[in-house]
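In the working numbering, the protein residues as written are 1186 to 1279.
Ideal Cβ positions, reconstructed from N, Cα and C, are used throughout, including at glycine.
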């Protein structure tokens, strides 16, 4: 399968990005900021999941939301790791 890379402005919406997908290729979106600098990459599958999860928000808002969700996932994982370590320590001391 061929890839197609598409540059897209970060103020565009997720549905606007979906509207330019080439159905015969795997689409990769290069997100551009106000200075036309590449700031991120969104893959076709990620775009579809983002629309399902967040609806038709701007790419900029999606990237902020996804970044916050990643931070929350990392914090939750750290909490679980610490809890498991504490649990192991408690079971060893008994």
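With a threshold of 8 Å on Cβ separation, who are the neighbours of residue i within its own chain once the five nearest residues in sequence on each side are excluded?
i	result
residue 1207	1189
residue 1197	1243, 1244
On the DSSP bridge assignment, give the partners of residue i in chain order.
i	result
residue 1243	1198
residue 1192	1215
Among residues of its own chain, excluding the 5 on either side of residue i, which ones have a beta-carbon nearer than 7 Å to its beta-carbon?
i	result
residue 1202	1193, 1214, 1232, 1244
residue 1247	1199, 1235, 1239
With a Cβ-Cβ cutoff of 8 Å, do residue i and residue j count as a contact?
i	j	result
residue 1187	residue 1222	no
residue 1251	residue 1199	no
residue 1195	residue 1220	no
To which residues of the same chain is residue i closer than 6 Å at the C-beta, ignoring the five residues directly before and after it?
i	result
residue 1275	none
What are the boundary residues of the beta strand (DSSP E) that includes residue i?
i	result
residue 1225	1223-1228
residue 1212	1211-1217
Would you mind working out which of the options sits nearest residue i, comparing C-alpha positions?
i	options	result
residue 1227	1239, 1279, 1212, 1241	1212
residue 1241	1279, 1191, 1204	1204
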